[in-house]
Amino acid sequence: MRLSFRYISDKAFTGLTAVSVVLLSLVLIVVLAPMIWRGSSAVVFKATVEFRKMQMDLFNRGEPSELQAEIARTESFRKEVYETLDKFKKGIDTESLSDQARRIHRQFGSELRLRNITGDEYTQLRSLTRELRDRLLTAFESRDIAEIRENIEYVSGYKNDPRLTDTSASALFELGTNYLESAQSIDLKQFEQYSESIEEIEQSIRDLFGPRPGEPTPAGVRLRYGATRWDQAAKCLDRLFWAQKWVETEPAKPLIKIKLSRAHQFAGTELEKLFEYMEQNVQKLLNPRLTFYWQYFIDDSFNSHYFGGVGPEILGTVLITLLGMLFVVPLGLISAAYLVECASDNPAVRIIRMCINTLAGVPSIVFGLFGLTFFILYLFPLLGAESKGCILAASLTLAVLTLPVMIRASEEAIRAVPQTYKEASLSLGASGFRTFVTVTLPAALPGILTGVILSLSRIAGETAPILFTGAVALGPVPKSVFDPTRTLSYGSYDMAVGDRISMMVPHNQYGMVVTLVILILCLNTLAIVLRTRVFKKLKGQ
Amino acid sequence: MQNNKSGVLESVSRRRKNKGKLNLIMDRQKQSKSESLNNKDTAECACSIVEAEDFSFYYGSTMGVKNITMEVFPCSVTAIIGPSGCGKSTFLRAINRINDLIPNTRIEGTLLVNGHDIYAKKTNLVNLRQQVGMVFQKPNPFPKSIFDNIAYGPRLQGTTKGSKLQQIVEESLKAAALWEEVKDDLRKSALALSGGQQQRLCIARALATRPSVLLMDEPCSALDPIATGKIEDLIEQLKSDYTIVIVTHNMQQAARVSERTAFFCLGELIEYDFTPKIFRNPGKKQTEDYITGRFG
Ligand SMILES: Nc1ncnc2c1ncn2[C@@H]1O[C@H](COP(=O)(O)OP(=O)(O)OP(=O)(O)O)[C@@H](O)[C@H]1O
Ligand SMILES: [Mg+2]
Numbered sequence: 000m001r002l003s004f005r006y007i008s009d010k011a012f013t014g015l016t017a018v019s020v021v022l023l024s025l026v027l028i029v030v031l032a033p034m035i036w037r038g039s040s041a042v043v044f045k046a047t048v049e050f051r052k053m054q055m056d057l058f059n060r061g062e063p064s065e066l067q068a069e070i071a072r073t074e075s076f077r078k079e080v081y082e083t084l085d086k087f088k089k090g091i092d093t094e095s096l097s098d099q100a101r102r103i104h105r106q107f108g109s110e111l112r113l114r115n116i117t118g119d120e121y122t123q124l125r126s127l128t129r130e131l132r133d134r135l136l137t138a139f140e141s142r143d144i145a146e147i148r149e150n151i152e153y154v155s156g157y158k159n160d161p162r163l164t165d166t167s168a169s170a171l172f173e174l175g176t177n178y179l180e181s182a183q184s185i186d187l188k189q190f191e192q193y194s195e196s197i198e199e200i201e202q203s204i205r206d207l208f209g210p211r212p213g214e215p216t217p218a219g220v221r222l223r224y225g226a227t228r229w230d231q232a233a234k235c236l237d238r239l240f241w242a243q244k245w246v247e248t249e250p251a252k253p254l255i256k257i258k259l260s261r262a263h264q265f266a267g268t269e270l271e272k273l274f275e276y277m278e279q280n281v282q283k284l285l286n287p288r289l290t291f292y293w294q295y296f297i298d299d300s301f302n303s304h305y306f307g308g309v310g311p312e313i314l315g316t317v318l319i320t321l322l323g324m325l326f327v328v329p330l331g332l333i334s335a336a337y338l339v340e341c342a343s344d345n346p347a348v349r350i351i352r353m354c355i356n357t358l359a360g361v362p363s364i365v366f367g368l369f370g371l372t373f374f375i376l377y378l379f380p381l382l383g384a385e386s387k388g389c390i391l392a393a394s395l396t397l398a399v400l401t402l403p404v405m406i407r408a409s410e411e412a413i414r415a416v417p418q419t420y421k422e423a424s425l426s427l428g429a430s431g432f433r434t435f436v437t438v439t440l441p442a443a444l445p446g447i448l449t450g451v452i453l454s455l456s457r458i459a460g461e462t463a464p465i466l467f468t469g470a471v472a473l474g475p476v477p478k479s480v481f482d483p484t485r486t487l488s489y490g491s492y493d494m495a496v497g498d499r500i501s502m503m504v505p506h507n508q509y510g511m512v513v514t515l516v517i518l519i520l521c522l523n524t525l526a527i528v529l530r531t532r533v534f535k536k537l538k539g540q
Numbered sequence: 000m001q002n003n004k005s006g007v008l009e010s011v012s013r014r015r016k017n018k019g020k021l022n023l024i025m026d027r028q029k030q031s032k033s034e035s036l037n038n039k040d041t042a043e044c045a046c047s048i049v050e051a052e053d054f055s056f057y058y059g060s061t062m063g064v065k066n067i068t069m070e071v072f073p074c075s076v077t078a079i080i081g082p083s084g085c086g087k088s089t090f091l092r093a094i095n096r097i098n099d100l101i102p103n104t105r106i107e108g109t110l111l112v113n114g115h116d117i118y119a120k121k122t123n124l125v126n127l128r129q130q131v132g133m134v135f136q137k138p139n140p141f142p143k144s145i146f147d148n149i150a151y152g153p154r155l156q157g158t159t160k161g162s163k164l165q166q167i168v169e170e171s172l173k174a175a176a177l178w179e180e181v182k183d184d185l186r187k188s189a190l191a192l193s194g195g196q197q198q199r200l201c202i203a204r205a206l207a208t209r210p211s212v213l214l215m216d217e218p219c220s221a222l223d224p225i226a227t228g229k230i231e232d233l234i235e236q237l238k239s240d241y242t243i244v245i246v247t248h249n250m251q252q253a254a255r256v257s258e259r260t261a262f263f264c265l266g267e268l269i270e271y272d273f274t275p276k277i278f279r280n281p282g283k284k285q286t287e288d289y290i291t292g293r294f295g
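Next comes the structure, spelled out in structure tokens:
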């Protein structure tokens with residue numbers, strides 16, 4: 000009976016352990032996998048020709064002649080898009096049509112003045128073209144096809160007037176007939192929507208292809224290129240093909256977003272072809288190709304992370320972390336050694352211990368403010384250094400933050416070294432210090448390395464303490480430890496909350512976070528390998 | 000062996016030329032050694048190397064040993080026996096002040112080593128422990144290689160030359176009867192040795208610093224009879240050059256290896272005399288009870 004109970008409880012325990020392990024791994028997978036999946040899209044993705052253009056311009060990467068050929072090929076397909084669009088716009092853009100009509104009228108007037116005609120004739124012709132112009136303007140402004148037709152037909156009636164043939168005024172007839180043609184093909188009721196829609200379509204096409212060939216290069220780097228990535232292109236295409244509209248289904252209920260097909264909206268017009276054409280030729284227009292953009296880890300970024308990589312961020316994080324470790328490891332070790340080896344159990348030491356424990360629980364933002372007031376505003380001016388955030392201040396602050404962790408881990412490790420080792424060393428005539436350095440410390444090394452791992456992860460990942468002490472969202476690559484730097488942690492934070500432009504590139508946000516995770520993972524793996532080695536050596540294997 | 004040892008001793012004392020005090024001690028030791036060699040039968044007259052006078056040791060309020068008065072004579076083996084918890088280790092560990100590691104301890108009386116009060120304020124602990132080596136109850140090699148374990152002491156004393164260290168390591172290992180077993184791989188971790196080998200390694204390590212007194216706290220308690228035999232042989236060999244104080248629970252062992260035996264009980268020294276006398280004709284009833292196994 001008892002035996003069977005023991006057997007069952009044993010099995011149950013094993014089962015529980017297994018379940019908890021499985022749960023833990025599941026949580027890990029559920030949390031990390033999507034993040035890493037998305038983050039990896041910053042490095043491995045389908046890059047369009049725009050990406051290669053950008054790489055060539057900014058980093059001088061790629062084969063120029065190949066790229067030129069590729070650009071020429073895509074341009075040849077894009078031409079059709081631009082042409083269709085322009086043609087349609089000609090018919091729909093009444094404002095520019097009106098401008099054109101006025102201009103023609105003015106031009107005709109100056110032409111008349113040069114002609115050898117009488118004053119009467121001049122006035123006559125002038126008022127004639129004025130009337131034609133006004134008719135056209137009325138037609139352009141009208142939303143009634145009958146009215147338009149009437150006006151245009153009136154204008155066309157003068158087409159064969161000998162006084163106007165072969166003059167600049169004859170352009171008015173062409174303008175009129177063209178307009179009538181396109182006005183007949185579109186639903187004039189939707190005229191407003193058309194012009195609004197056409198603006199969006201133009202914007203989408205600009206997002207897709209960048210500025211048109213021949214246009215001046217925009218000042219902002221971001222505007223110089225179209226969609227560099229296939230996923231971005233897909234979004235632009237979506238905006239191009241589908242108009243979004245917020246509609247109220249019921250009063251006092253949240254609006255609902257619906258999608259309307261633009262092809263449907265423009266059915267029967269010139270523009271209808273455009274959608275079909277783009278849908279069919281999208282590959283040729285952008286030429287997407289799967290790319291492994293490993294330079295993501297070394298490239299500087301442009302236009303607040305819209306393009307480029309996280310090179311300076313990685314550099315900054317590694318610098319701050321290593322420098323911080325340089326402060327925290329010796330300091331933590333010495334403090335731990337003091338607490339274990341020298342300090343006896345008196346009230347002062349007990350208070351120190353309590354302080355260390357309390358410090359471990361202080362919110363990190365408090366350390367950030369401490370770093371700002373103590374290091375930057377007090378200590379640096381005192382030592383004659385410039386009072387500004389910098390790598391040194393940031394790593395000092397982080398060192399203070401992780402000191403309790405380091406002290407406690409090494410204290411435990413030193414305490415755990417068997418007394419017999421110490422006795423053996425002392426009995427051989429070693430001094431206390433010598434014993435600590437040659438026997439206790441090596442034996443405590445695995446535990447100390449655990450402390451190092453803990454502090455390392457903490458230092459590399461903390462954001463709040465470096466917020467005021469040395470991290471910047473944008474800025475040049477640091478030249479010395481007295482410069483502020485970009486870091487992965489602060490960069491992730493800034494991209495998530497502060498930066499409009501970087502919000503447009505979620506893959507970069509994930510990329511930065513995943514880079515941070517992977518960096519910490521690498522540093523930890525390094526420390527763990529080291530610890531295992533030391534451990535094996537101590538075990539005598 | 001004898002020549003070898005004194006040769007090393009000379010070199011050691013040469014090494015320590017600057018440490019006047021130590022030289023003095025070494026000289027004294029040599030003197031006393033020759034004395035004891037000359038008057039083997041009247042060893043009582045020889046001047047003692049360790050001398051306790053009314054020595055008491057307290058762990059806080061707990062008494063460890065009380066009012067111990069005894070002398071240990073050079074180049075001999077002195078055994079300490081007694082029931083568990085009677086303060087044998089306490090007394091032994093007091094001789095090289097390794098008990099200092101335990102907080103809140105306190106002593107009364109005096110304990111002289113080579114005529115110096117070792118609990119005096121000005122005592123140099125490093126010098127004291129170089130003179131008074133110790134082998135612990137449980138083998139406690141460092142987690143280092145065999146070579147580094149043994150070279151640890153000499154290195155502390157300033158020997159850094161490879162060939163010199165090599166020589167010391169070899170001599171010490173031979174002295175501890177371990178050389179044959181480990182000579183092929185001195186770089187092997189000491190923790191990879193068997194328990195008995197580890198204990199002999201610890202003895203070799205203690206010998207490498209050339210102490211004048213060797214304290215052994217139940218060195219064979221964790222060993223099988225063969226290893227125990229080896230260590231007993233070793234003690235037999237060492238006693239011509241070293242002063243050995245050995246704590247043991249094994250009466251036969253005490254009888255076999257020691258010249259004098261001290262019987263401790265409840266923190267007090269009950270009887271201290273020549274070993275044959277203690278075992279054949281003890282002066283006290285308590286001693287007799289313990290030896291004959293009638294003691295609880
Ligand atoms: N670190 C310590 N702190 C407090 N009391 C101690 C300590 N070490 C020993 N004692 C006490 O001192 C007394 C003597 O201990 P000691 O270790 O000298 O005994 P022992 O004779 O060596 O015994 P054993 O034969 O079991 O090794 C014991 O009563 C023990 O409780
Ligand atoms: Mg003991």
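Line order of the protein sequences matches chains A and B.
Per numbering that gives the first Met the number 0, the first sequence runs over residues 0 to 540.
Per numbering that gives the first Met the number 0, the second sequence runs over residues 0 to 295.
Where is the CB? At the ideal position from N, CA and C, for every residue including glycine.
Under the three-state DSSP convention, the category residue i falls into
{"i": "ILE248/B", "result": "The residue you asked about is not Ile; residue 248/B is His in the sequence shown. Looking at HIS248/B - three-state DSSP - the assignment turns out to be coil, as it is neither helix nor strand."}
{"i": "TYR295/A", "result": "helix"}
{"i": "LEU522/A", "result": "helix"}
{"i": "TYR153/A", "result": "helix"}
{"i": "PHE481/A", "result": "coil"}
{"i": "ASP40/B", "result": "At ASP40/B the pLDDT is 40, less than 50, meaning the model places this residue with poor confidence; the figure from the coordinates comes in the next sentence. If DSSP states are grouped into helix, strand and coil, ASP40/B belongs with coil."}
{"i": "MET69/B", "result": "strand"}
{"i": "GLY370/A", "result": "helix"}
{"i": "SER8/A", "result": "helix"}
{"i": "LEU473/A", "result": "coil"}
{"i": "SER75/A", "result": "helix"}
{"i": "MET62/B", "result": "strand"}
{"i": "ARG211/A", "result": "coil"}
{"i": "MET503/A", "result": "coil"}
{"i": "SER307/A", "result": "For the record, residue 307/A in the displayed sequence is Gly; it is not Ser. Strand."}
{"i": "ARG288/A", "result": "strand"}
Worksheet item: Counting Cβ pairs closer than 8 Å, one from the region 133-140 of chain A and one from the region 109-121 of chain A, do we hit at least three?
Response: no
Worksheet item: Is it true that the region 51-60 of chain A meets the region 295-309 of chain A, where meeting means three or more beta-carbon pairs spaced less than 8 Å apart?
Response: yes
Worksheet entry | Length-filtered (4 minimum) alpha helix (DSSP H) runs lying within the region 390-447 of chain A | 390-415, 418-426, 431-434
Worksheet item: Quick one: any contact between the region 495-503 of chain A and the region 426-439 of chain A, if contact means 3 or more CB pairs under 8 Å?
Response: no
Practice prompt. Note down, in chain order, all residues in the region 124-138 of chain B with a beta-carbon under 7 Å from any beta-carbon belonging to chain A.
Written response: VAL125, ARG128, GLN129, GLY132, MET133, PHE135, LYS137
Worksheet item: Any residues in the region 420-437 of chain A with a beta carbon nearer than 8 Å to a beta carbon of chain D? Which ones, in chain order?
Response: The question asks about chain D, but that chain is absent: this structure's protein chains are A and B.
Worksheet entry | Residues whose Cβ lies closer than 7 Å to any heavy atom of ligand 2, in chain order | LYS87/B, SER88/B, GLN136/B, ASP216/B, GLU217/B, VAL246/B
Practice prompt. Could you run through the region 146-179 of chain B and flag, in chain order, every residue whose CB is less than 8 Å away from some CB of chain A?
Written response: TYR151, GLY152, LEU155, GLN156
Item to complete: Please go through the region 124-193 of chain B and give each complete alpha helix (DSSP H) segment of 4 or more residues, from N-terminal end onward.
Response: 124-130, 145-155, 161-174, 178-181
Worksheet item: Listed from N- to C-terminal order along the chain, which residues in the region 322-345 of chain A have their beta-carbon within a distance smaller than 9 Å of any beta-carbon of chain B?
Response: SER343, ASP344
Discussion item. Assess contact between the region 152-169 of chain A and the region 73-86 of chain A, defined as three or more Cβ pairs (one per stretch) separated by less than 8 Å. Is contact present?
Written reply: no
Discussion item. Give me the subset of the region 443-459 of chain A whose CB atoms are less than 8 Å from a CB atom of chain B, sorted by chain position.
Written reply: none
Item to complete: Flag this pair as touching only if the region 259-275 of chain B and the region 216-236 of chain B have three or more C-beta atom pairs under 8 Å; answer yes or no.
Response: no
Discussion item. Does the structure place the region 395-410 of chain A close enough to the region 443-459 of chain A that three or more beta carbon pairs sit under 8 Å?
Written reply: yes
Worksheet item: Which residues, in chain order, does the region 197-219 of chain B contribute to contact with chain A at a C-beta distance below 9 Å?
Response: CYS201, ARG204, ALA205, ALA207, THR208, PRO210, LEU214
Discussion item. Could you tell me which whole alpha helix (DSSP H) segments of length 4 or greater appear in the region 84-113 of chain B?
Written reply: 87-94
Worksheet item: If you pair each beta-carbon of the region 197-213 of chain A with each one of the region 234-245 of chain A, do three or more pairs fall below 8 Å?
Response: yes
Worksheet entry | Cβ contact check for the region 218-225 of chain B and the region 245-258 of chain B: 3 or more pairs under 8 Å | yes
Worksheet entry | Sufficient close CB pairs (3 or more, under 8 Å) joining the region 224-231 of chain A to the region 43-50 of chain A | yes
Item to complete: Report yes or no: do three or more beta-carbon pairs, one from the region 388-400 of chain A and one from the region 474-483 of chain A, lie closer than 8 Å?
Response: yes
Fill in: Stretch pair the region 260-275 of chain A + the region 9-23 of chain A: three plus CB contacts closer than 8 Å
no
Worksheet item: Which ranges does the beta strand (DSSP E) cover as unbroken runs of at least 3 residues, wholly within the region 207-240 of chain B, from first to last along the chain?
Response: 212-216
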